[in-house]
Amino acid sequence: MLIMVCKRPGRDAKISLLLRLVVLLRAGAHEYVQTPKECTEEISLKGKNGSFTSPGGYQGYPNNTVCRWSITATYDAEIRITFHDFDLEWSKTCILYDYVTVSEKCLSSKTWSSNLGSGDNVDGFCGKMTTFNVTASCGKVLIEFKSDDSITGKGFNATYEVIPHPKKPEIVSFCPAGTSTCSSRKVFTEYEDGNIPCQVAGSVDMQTWSYLGSDPENLNGSFDGLRMFTDEEGGLFIKNLKRSDTGFYKCYVENSLGNHSAVVYLHVKEKCNCPKKIFANWYNIPPYIKYNGPGQNPTGLFPHFLPQLFSHCCGNCSEGDGPSEIIYDVKFQENLVAIKDISNLESVDTITFPISGNKDNPSYKNEFKFLPLISSPGVAFIVVEEPPGTSAKAVFDSVVSGWPVLVLTILMALLSGIVMWALDTRYNPEEFPRSFIKGSGEGFWWAFVTMTTVGYGDRSPRGFLARIFAIVWVLVGLVITSIFTGVVTTSLTAITLSTDVKLYGAKVGFSQISSTYFPKAWIWIFPRTEGNFDALPKKTVLQRLQPNFGIDDVIVAAVANSTEYKLGLSKNAILKEFNDLESIVEPLKNREDNLKGVLVDTYVAGEMSEFSSDELRVNKIIDHNSYYGVVFGKGELTKIPIQECFTDYVLSHQAEIFEIVKKGTKPMSEPDGNAALERSSGLFDATTPLFQRSMYTCVGLLLFFATCGIIWDYGYMRYWKKKAEKGTNIY
């Protein structure tokens, strides 16, 4: 191998150390560890030989650093550590500044020994040295490096070698080195690769494995060389395990001093189609799934059907881990936003439900597998009824708002009265006196009653021109009266029929502004703020997104990031988002923030008694094609065969799913269209404050005037009547 090196001033030593590492690796070191500068935990060095560096490698070690490396032999052996190109800050005792210590621990000892050095290096190793060895006679070694806060050196590179003591080999364990408890029975799953270590005390010249079948005393063992072989550490490696690989295996070792063998049992269990534990990532949303309290499994449509689905496709797996079970109490979430968090969706062996999706799209967010189960009948638009007396107040306001027509009517009647007086006072001075004030007053009276009731007959024109004008005025009066009546009638009709609350054409508003729920395409409205979108003032966002947004607009509530929420956005509605449905009911009933209605799944609305209140009514049911289903996280459940089984089972059990839905839901019907009739009959509702105040006022005035009249009759009038009678008697 040709290595070309470009030297630079001041870097020759580092390049030399790097080349030394390359040569050592080429020499056959099994493990190489370049220690990082930030050495936060003890590094375990494995294998019979290898190499490692000081923190930072050939780049040099940093100040104020402590690093430890440990080597543990699997049998009685000595461990030889060789340091190369050793360069640490020098001190006389090698314990004050930068230094390295090497300690050992024998089997009978509970503590580490002092540094394995002598002479000037009795306390540690420091300064500059080319190459030196440190040998530990026990099977456990700890190398510790420390640096202070001042001068540093280039560090070191070290190699190690485990040298077994010459003795007869003895198999001591079928587990990895350092395992505290070890069983002679190994369990693996079919189709995976298996490895069984064979730890030997003493040197080994030859090591073999053989398969004994079900008889540990079998002398005619076999070995499948295509799938079974001995690894570098002497362990047995079996590729693509089969159920037939179950049985006893013998490890045989020997050297010049003797031999030894031991038997281990391997059980290859059935590979189950599904994991033993399937974790449900869910939230409370009856009737799909209902929380029943701590320690209780939830109920609902999904918990009713999912066990059947997994039982069919996963099977009993009696020769493996057993039937799969759904765990509900680990990933129970507070709301829809929480279960849609990416960390929950992608969790291994996790199913997330209920999630709304498309029946014809087997994926969710183009990343996760989606299984549609239950068809949603639509979205209910539930609105809050107007406060009592609203209709009556609206009628009163509409009548009052017609005052311009009333004023115009009176002015025209005054004008008509003057004209009639001028035309008829010559021919009819008795009814229209010659005096302008008296005559025009009588004319006004005639004009007003003629306009409204075609006259009382107490005043009638006599002259020819006056009668012609009377005909014209009667026709004009009919039109004016009809206009005023039409204004009031139109208001009544509009109030009566205005029971339908529109979603279309409204502007969009939000109570919790967040980039999580805004399409990325909208972020351009706020340049240079995408990374801090949530910090924008709510008012600013609303003004930029909807310049015409007004506080008097009708606002609709919906659960954040739900299907209903997205439907409202598609209808261009003013939306206020909530974390869950329970938190919507009271603000809706109290009409907080101009809340007018809520968008909610029809099945959910039928299940929640809060939406059956007299204060709320179903305005309409919006047809929205969506399916509620299950999203699968990472793991075995996403593999094609099991997904195909899930899909086939759902398609073949549609009738059963419909029956489960029928029994587990409460129907919610389309509004019957009588809201207008109810509203018209409630214009003068006796329970409204306006009606009650009007009634009490009229009754009070009636009683007051009746009392005054009685007092007048039996008091004042009787007194004067008696006085008059006495005066008559005198005369």
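If you count by mature numbering (1 follows the signal peptide of the UniProt record, and there is no 0), then the sequence shown holds residues -29 to -1, 1 to 702, one letter each, in order.
Think of the CB as a built atom: it goes at the ideal place given N, C-alpha and C, for glycine as much as any other residue.
Checklist entry - Which residues does DSSP pair with Trp253 in a beta bridge? => result Phe303
Checklist entry - Under the rule that 16 or more other beta-carbon atoms within 10 Å means buried, what is Arg430, buried or exposed? => result buried
Checklist entry - How big is the Cα-Cα spacing for Val390 and Glu586? => result 57 Å
Checklist entry - What residue from Ser155, Pro168 and Glu132 has the CA that sits closest to Pro147's CA? => result Cα-wise, what sits closest to Pro147 is Pro168.
Checklist entry - Can the beta-carbon of Ser289 be found less than 7 Å from the beta-carbon of Tyr598? => result Not closer than 7 Å, so no.
Checklist entry - Would you call Asn263 buried or exposed, if buried means 16 or more other Cβ atoms sit within 10 Å of its Cβ? => result exposed
Checklist entry - Which residue or residues does DSSP assign as beta-bridge partners of Glu2? => result Gly21
Item to check | Alpha-carbon spacing of Cys222 relative to Ile209, whole angstroms | outcome: 14 Å
Checklist entry - Where does the unbroken beta strand (DSSP E) through Pro135 begin, and where does it stop? => result Gly126 to Pro135
Next on the checklist: Using C-beta distances below 6 Å, list every residue in its chain close to Lys19, excluding the 5 sequence neighbours before and after it, in chain order.
Outcome noted: Val133
Checklist entry - With 16 other CB atoms within 10 Å as the buried threshold, where does Leu672 fall? => result Result: exposed.
Checklist entry - What distance in whole Å lies between the Cβ atoms of Gly165 and Cys243, which are believed to be in contact at a cut-off of 8 Å? => result Contact doesn't hold; Cβ gap of about 17 Å is too wide.
Next on the checklist: Given this structure, state the Cα-to-Cα distance separating Gln663 from Asp331, to the nearest angstrom.
Outcome noted: If I take the Cα positions, the gap works out to 58 Å.
Checklist entry - Among Arg562, Val73 and Asn268, which one has its Cα closest to the Cα of Ser41? => result Val73
Item to check | Helix, strand or coil at Glu296 [DSSP, three-state] | outcome: strand
Checklist entry - Are the stretch 92 to 108 and the stretch 59 to 70 touching, with three or more C-beta to C-beta distances below 8 Å? => result yes
Item to check | Per DSSP, cross-strand counterpart(s) of Asn322 | outcome: A quick correction: the sequence has Ile, not Asn, at residue 322. Paired residue(s): Ala251 and Phe603.
Checklist entry - Does DSSP put Tyr259 in a helix, a strand or coil? => result coil
Next on the checklist: My output table needs one value for Lys(-23): the three-state DSSP class, helix, strand or coil.
Outcome noted: Note that Lys(-23) has pLDDT 33, beneath the 50 cutoff, so the model's placement of it is unreliable and the number below is only indicative. Correct three-state label for Lys(-23): coil.
Item to check | Beta-carbon proximity of Phe250 to Val301, cut-off 7 Å | outcome: Contact flag set, yes.
Item to check | DSSP-derived helix/strand/coil call for His275 | outcome: helix
Next on the checklist: I need the straight-line Cα distance from Phe127 to Thr152, nearest angstrom please.
Outcome noted: Answer to the nearest angstrom: the Cα atoms are 37 Å apart.
Checklist entry - With 16 other CB atoms within 10 Å as the buried threshold, where does Asn306 fall? => result buried
Item to check | Whole-number beta carbon distance between Ile114 and Val71, since they are thought to touch under 8 Å | outcome: 7 Å
Checklist entry - Taking one C-beta from the stretch 173 to 190 and one from the stretch 223 to 234 each time, how about it: are there three or more such pairs within less than 8 Å? => result yes
Checklist entry - Is His136 closer than 7 Å to Ala233 when the C-beta atoms are compared? => result no
Checklist entry - From which residue to which residue does the alpha helix (DSSP H) around Met391 run? => result For Met391, the enclosing alpha helix (DSSP H) begins and ends at Trp374 to Asp395.
Item to check | Beta-carbon spacing of Tyr131, Ile52 below 7 Å | outcome: yes
Checklist entry - With distances taken between CB atoms, is the gap from Leu394 to Gly434 smaller than 7 Å? => result The beta carbons of Leu394 and Gly434 sit closer together than 7 Å.
Next on the checklist: I'd like the span of the alpha helix (DSSP H) that includes Val556, first residue to last.
Outcome noted: Glu553 to Lys560
Checklist entry - What are the start and end residues of each continuous beta strand (DSSP E) run of 3 or more residues lying completely inside the stretch 539 to 598, in chain order? => result 546 to 549, 566 to 572 and 587 to 593
Checklist entry - In terms of residues, what are the limits of the beta strand (DSSP E) holding Pro343? => result Its beta strand (DSSP E) spans residues Phe339 to Ser347.
Item to check | Contact belief for Lys99 with Asp58 at Cβ below 8 Å, rounded distance in angstroms | outcome: 5 Å
Item to check | Cross-strand partners of Gln178 (DSSP beta bridge) | outcome: Note: Gln178 sits in a beta bridge opposite Val224.
Item to check | For Val93, the first and last residue of its enclosing beta strand (DSSP E) | outcome: Neither: Val93 is in no beta strand (DSSP E) and is coded neither H nor E.
Item to check | Unbroken alpha helix (DSSP H) run spanning Tyr70, endpoints | outcome: Not the alpha helix (DSSP H): Tyr70 falls in the beta strand (DSSP E), residues Tyr70 to Glu75.
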